[in-house]
Amino acid sequence: MENSIVKLDHEYIAQTYSRFPIALSYGKGSKVYSDTGKEYIDFGSGIAVNSFGIGDEVWKKAVIDQLDKIQHTSNLYYSEPCTKLAALLCEKTGLKKVFFQNSGAEANECAIKTARKYAHDRYGEKRKYIVCLKNSFHGRTVTTLSATGQDVFHKDFGPFTDGFIFIEPNDIKEVKDVFKRDDIAAVMLEIVQGEGGINVLNQEYVAEINHIAKQKDIVIIIDEVQTGNGRTGTLYAYMQYDIEPDIVTTAKGLGGGLPIGAAMFGEKTENVLSYGSHGSTFGGNPVCCAGAISIISRIDESFLKSVKEKSEYIFSRLNGAKGIKSVSGLGLMIGIETEKETKEVINKCIENGLLVLSAKNKIRLLPPLNIDYEDLQKGIDIIKGACEQ
Ligand SMILES: *Cc1c(COP(=O)(O)O)cnc(C)c1O
Numbered sequence: 045m046e047n048s049i050v051k052l053d054h055e056y057i058a059q060t061y062s063r064f065p066i067a068l069s070y071g072k073g074s075k076v077y078s079d080t081g082k083e084y085i086d087f088g089s090g091i092a093v094n095s096f097g098i099g100d101e102v103w104k105k106a107v108i109d110q111l112d113k114i115q116h117t118s119n120l121y122y123s124e125p126c127t128k129l130a131a132l133l134c135e136k137t138g139l140k141k142v143f144f145q146n147s148g149a150e151a152n153e154c155a156i157k158t159a160r161k162y163a164h165d166r167y168g169e170k171r172k173y174i175v176c177l178k179n180s181f182h183g184r185t186v187t188t189l190s191a192t193g194q195d196v197f198h199k200d201f202g203p204f205t206d207g208f209i210f211i212e213p214n215d216i217k218e219v220k221d222v223f224k225r226d227d228i229a230a231v232m233l234e235i236v237q238g239e240g241g242i243n244v245l246n247q248e249y250v251a252e253i254n255h256i257a258k259q260k261d262i263v264i265i266i267d268e269v270q271t272g273n274g275r276t277g278t279l280y281a282y283m284q285y286d287i288e289p290d291i292v293t294t295a296k297g298l299g300g301g302l303p304i305g306a307a308m309f310g311e312k313t314e315n316v317l318s319y320g321s322h323g324s325t326f327g328g329n330p331v332c333c334a335g336a337i338s339i340i341s342r343i344d345e346s347f348l349k350s351v352k353e354k355s356e357y358i359f360s361r362l363n364g365a366k367g368i369k370s371v372s373g374l375g376l377m378i379g380i381e382t383e384k385e386t387k388e389v390i391n392k393c394i395e396n397g398l399l400v401l402s403a404k405n406k407i408r409l410l411p412p413l414n415i416d417y418e419d420l421q422k423g424i425d426i427i428k429g430a431c432e433q
């Protein structure tokens, strides 16, 4: 890598990231190249963002065609791409309305505001608590950090936003206990905890939350920022569970590489936000929405079937392999517990031309959804090799 990049980064960028010593420069599909021309197979997709890989032609054309028309309009005027994207999302999910933002954290902020307003409007200010799960991750704003169930995030930046309660994931008794209270406005969860270490929620646990929340008119928020947009083998991960969410948030993979977030509302919450109650300057940006339409419109049944098949292929090759303790996840969101230190395995993979991520103590795989079997096989061979040695 050019030394000047490291030097300028360290000199001029706030040093919040621990970066790998690689500068990514260009790519195509599931292959990405450093500035020195080293080739990598990409099992990270920029953290589940480049859903159809790098430079996907259909996506690129949609984005460029929109750029040729207008790059931004503001929300003072109607705009076709964001209207069409909202209609497409509602048609595919059965949800009723959408509010667009620019990131996952903002989508979750919107969900939290909406859930609180719903509860306040109906039950008064006493119903103010939102139940979240331990080990969750919901974003980096002060409020979404407050909703994040990991103690490491609850320091340095206080005072934090009040009103979040944390329960143990997959513990039905804790669900029953916490919902005995009469001051709960909402429950917020990831179907597969991403940053928390690729922990999949149990079917019975999710069904129980749904059952009690419906009985007590508690708003169900599903954070699909990472799990959404085909990543887990269904358009949204909740669709594999017995749950009917009132708000679904998403971001990462939605725009195929451009910044966009969305909060989607079901029947119960579709009219909670009213004139003036929320807004975003960039939200619904036409270029990002045009990119998102080209992604979402292609995630159909046959595409999702191919995601599931690739997932089965990865699980079957890694389960029981030498040096691998466990494999968890759903679809193409996969966590691997290895006998060796995570860091050592990741560095070995990088050395051998494969980019992988980590999540807590696991190796995390988030390959492009349309990755071909040749790259998939090569990548898995590299992982197995790195775990064995
Ligand atoms: C990444 C992530 C977020 C935060 O999204 P940003 O776009 O970084 O703000 C929120 N929730 C989950 C589950 C995530 O994976």
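Read in order, the letters of the sequence shown correspond to residues 45 to 433 in the working numbering.
C-beta: ideal position from N, C-alpha, C; glycine also.
{"Item": "E153 CB to nearest heavy atom of ligand 1 below 7 Å", "Value": "no"}
{"Item": "Coarse secondary structure for F208, derived from DSSP in three states", "Value": "strand"}
{"Item": "Beta-carbon proximity check, G71 vs G90, cutoff 8 Å", "Value": "no"}
{"Item": "Three-state secondary structure (DSSP) of D200", "Value": "coil"}
{"Item": "Reduced DSSP secondary structure (H/G/I, E/B, other) of F359", "Value": "helix"}
{"Item": "Minimum C-alpha distance to I49 - residue among S74, V76 and T80", "Value": "T80"}
{"Item": "Integer Cβ distance of L177 from P213, believed to fall under 8 Å", "Value": "5 Å"}
{"Item": "Helix, strand or coil at I228 according to DSSP, with G and I counted as helix", "Value": "strand"}
{"Item": "Buried or exposed (CB count within 10 angstroms, at least 16 for buried), T127", "Value": "exposed"}
{"Item": "Chain-order list of residues whose beta-carbon lies under 8 Å from that of I287 (same chain, five-residue window excluded)", "Value": "V250, A251, I253, N254, I264 and I266"}
{"Item": "Counterpart residues of N243 in DSSP-defined beta bridges", "Value": "Q237"}
{"Item": "Distance between L399 and A131 (C-alpha atoms, nearest Å)", "Value": "36 Å"}
{"Item": "Runs of alpha helix (DSSP H) lying entirely within the region 294 to 382, each at least 4 residues, in chain order", "Value": "330 to 340 and 345 to 362"}
{"Item": "Residues bridged to R408 (per DSSP)", "Value": "G379 and L401"}
{"Item": "Length of the line joining the Cα atoms of L410 and T271", "Value": "10 Å"}
{"Item": "Beta-carbon contacts of F143 that lie in its chain and below 6 Å, excluding the five residues immediately before and after", "Value": "C154 and A307"}
{"Item": "Sequence-distant residues of its chain with Cβ nearer than 8 Å to N405 (five each side left out)", "Value": "G241, E381 and T386"}
{"Item": "Buried or exposed (CB count within 10 angstroms, at least 16 for buried), I340", "Value": "buried"}
{"Item": "The alpha helix (DSSP H) enclosing V429, as first and last residue numbers", "Value": "Here residue 429 turns out to be Gly, not Val, going by the sequence shown. Per DSSP, G429 belongs to the alpha helix (DSSP H) from Y417 to E432."}
{"Item": "Which listed residue (S180, K199 and Y357) has its alpha carbon closest to that of V186", "Value": "K199"}
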